[in-house]
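In full-length UniProt numbering, the protein residues as written are 1 to 905.
Don't be surprised by glycine CBs; every beta carbon is placed ideally from N, CA and C.
Here the structure is a predicted model, which means the values were calculated and not measured.
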């Protein structure tokens, strides 16, 4: 387990405004810190698909992302095995990007699938609480640091069983700084024997950039320090497609950490760009338009930085602010003008004689000197700073909650909205120990911008400068999309007017059509550039009605729904953003109803909906499922249909006997066991009276005062299928021709069959793909016990028998489909309870047998269990006699007396 650490989330605002004067654009940046510290403990790296080592083992983790024209559908499938003798709780914990919507969750438990249901948030919360109060297994979604969401569900995994989780989420990839970044969060917190990550990309244009860096945490690094992921293979079946596969071996995972991999798996890519109106994808009456032309010049900038130097910025935050500001000043170019304002309780300006100064080497040196002299002290007058920034049309960096001047947030929002007469977009970066992020988001949404979080960490400077690089270069302003076709349903379209088009970004519009056969679409995109109006027209954009499969790439998810689902995704995002800036409660309620209706229709988990996963109470998992087995000397205990109490019998074999425990000629699974014996000397003072039970006459060297206990056990077991042969003894086990030790936790996969050794070296688990699980437990004597004549031995258990056919037979196998009914019972004079059992089912003839209710010890749990005891080696309980199950050899499927073996019914 990673050690929990603590950090303080900080808030900042970084805001950019358009100037209506001589210069086309100016920027206002504000970094806000609220006073109350918020301390959040988190798992290091905070990217997880989680199950701790103390929990059941993750035997496989498969993650696949299908990216079709920027829309990513990611499916996470995890199989978890509990090889313990008792049920244990495990947690399926997936971190996903903040912009992603969960669309499906399925839990498979003992062959039954349970699907998560999307419901309105309040209804889902009530259902979850109701299930939790009843003690039922339920799951819900929580949040996590670094712009992510977290899906988490905990269940109890039955003894010697497995569960499979499947989670699917969707995300429209955002183009930032010239590329799309697709991030997958990996953190199983243990070594996973079968770990596979696949990313399939299918684009409309040639993929010109494709880069997979090494697995990393969420602390940013300089681009120069980033290498390539040598464990990820990349194939290019065509110019427009790519297939990335990441399959780190157990040893490669261990070299990273004994707790397995932890970090971000990132795929970065971009496509060919031209000076055109972009691409349009049309499928089943829905369209998506991607716009990102290349070759436009950058607009000039007018920037005023307003920096918060209040006491809340003291320490590392003011140093990181200074470092970021110096890098940003170095990025300013000829033609830009700027100014710097610092504030705490009061406001002061670097260039107080003019609104802004042009960029020159002298002005940059002077500005850096001003930055070096900043100190953090005093209160935080945000309201005055914001209004002054809007008056000057500038950029502002601050870190503080309003603590002087106007402090009422609703009044501040009204003041900003009133002062922003030119509808200048405000982009906010939160940076500091604590802040009201909801306030920042609302302020930006009401002013045509958006809010993003900056985390107070070693990479805070890179976060600040990275965001500046992302939004500081504007190529077009007042961008408008016009679709010149009456078959477009106008009210269905997402936003068609954008304040800015930033360099390295992309604008996306989606909508519905009333004609599914549409094959051409006239459109026009206009906006203001550095030299006047820019207009890009198109009548022949790429129209895609279907996607052809690419050789060498696994087939992606259904393509028919992609544009419709993408349209729904974008529409919900837009409604949520509009609702954030809306002040009329009636309108907000109508927006909520529409967004909720779309989320429920398209099965999305959004801020207005939740997913609840509940296992019905009748399907809570039984912690004691190992109730059909042979163990000890040797006791056969079977659980059969028709009886609440198990049935037990002993078989008195001798050294070297080989018994058939189980054989299924349909699945091809065979289990044979070889008998060993032990002779333990014991002193008996009354040996003369009990000499008839002694075996000392066979050993002439012993005195008449010595007698022996002779017991038989299972000393060797073979489990054989059409795919492999497993020979097991208490000292070692052999898989095919490879000898293995019992030491340490091990997992071997043979096609779809898993062989697992638990960490104690006492349990060997064989999990077949067709719902069959067999278990071997080894029992090791102490040194003194071995010296006294005792032997090490094995026990054999059937943990899951659902995949066996009706033809299954053997000393244990015949009871899988057998039916036994207690006809009557009575209490004897000595207090014992005797009953008559009727044996029916997969047997040739119905018969009856007398049994006595007694107790046997289950060595897997070390508990006594009640069972109906049958004498005489199980006579009349089993088909034929016990000698009919003697085998010619350890590997044979034929008995010594094959003609006596029953005919299958």
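Query	Result
Cα-Cα separation between residue 713 and residue 762, rounded to whole angstroms	17 Å
Where the beta strand (DSSP E) containing residue 748 begins and where it ends	746 to 750
The beta strand (DSSP E) enclosing residue 340, as first and last residue numbers	337 to 343
Sub-8 Å separation of residue 661 and residue 630 beta-carbons	yes
The segment 283 to 293 in contact with the segment 317 to 330 per 3-pair CB rule at 8 Å	no
Range covered by the alpha helix (DSSP H) that runs through residue 790	No alpha helix (DSSP H) contains residue 790, which DSSP labels as neither H nor E.
Residue 422 burial status per 10 Å Cβ neighbour count (16 or more: buried)	exposed
Host beta strand (DSSP E) of residue 183 (start-end)	179 to 186
Which listed residue (573, 577, 479) has its alpha carbon closest to that of residue 534	479
Sub-8 Å separation of residue 753 and residue 768 beta-carbons	yes
Same chain, Cβ closer than 8 Å to residue 648, neighbours up to 5 away in sequence not counted	635, 636, 637, 638, 854, 856, 867, 868, 869, 870
Nearest residue (CA-CA) to residue 974, options 308, 812, 497, 374	Residue numbering for the chain in the displayed model covers 1 to 905; residue 974 lies beyond these limits and cannot be assessed.
Status (buried if at least 16 other CB within 10 Å, exposed otherwise) for residue 209	exposed
Own chain residues within Cβ distance below 7 Å of residue 345, not counting five before or after	378, 379, 381, 404
Residue 652 classed as buried or exposed, judged by whether at least 16 other C-beta atoms fall within 10 angstroms	exposed
For residue 500 and residue 425, believed in contact at Cβ under 8 Å, the rounded distance	6 Å
Rounded separation between residue 74 and residue 571 - CA only	20 Å
Environment of residue 628 [buried if 16+ CB atoms lie within 10 Å]	buried
Strand pairing of residue 664, partner residues [DSSP]	669
Residue 223 in three-state terms, based on DSSP	Note on residue 223: pLDDT 48, under 50, position unreliable in the model; the coordinate value appears next. Residue 223 falls in the helix class under three-state DSSP.
At least 3 beta-carbon pairs within less than 8 Å: the segment 243 to 262 vs the segment 510 to 523	no
Selection from 728, 738, 786 that minimises the alpha carbon distance to residue 765	728
DSSP beta-bridge partners of residue 209	270
Residue 756 versus residue 798: straight-line alpha-carbon distance, rounded	15 Å
C-beta atoms of residue 65 and residue 200 nearer than 8 Å	yes
Residue environment, residue 858, which counts as buried when at least 16 other CB atoms sit within 10 Å	buried
At least three beta-carbon pairs within less than 8 Å, the segment 161 to 170 to the segment 226 to 239	no
Where the alpha helix (DSSP H) through residue 569 begins and ends	562 to 581
Within 8 Å, strictly: CB atoms of residue 177 and residue 470	yes
Extent of the continuous alpha helix (DSSP H) to which residue 331 belongs	316 to 331
Candidates 255, 273, 212: closest to residue 240 by CA position	273
CB contact flag (residue 266, residue 213, <8 Å)	yes
Bridge partner(s) assigned by DSSP for residue 717	673, 728
Of the residues 746, 306, 893, 809, the one placed nearest residue 878, counting alpha carbons only	809
Element boundaries [alpha helix (DSSP H), containing residue 367]	361 to 372
Residue 514 classed as buried or exposed, judged by whether at least 16 other C-beta atoms fall within 10 angstroms	exposed
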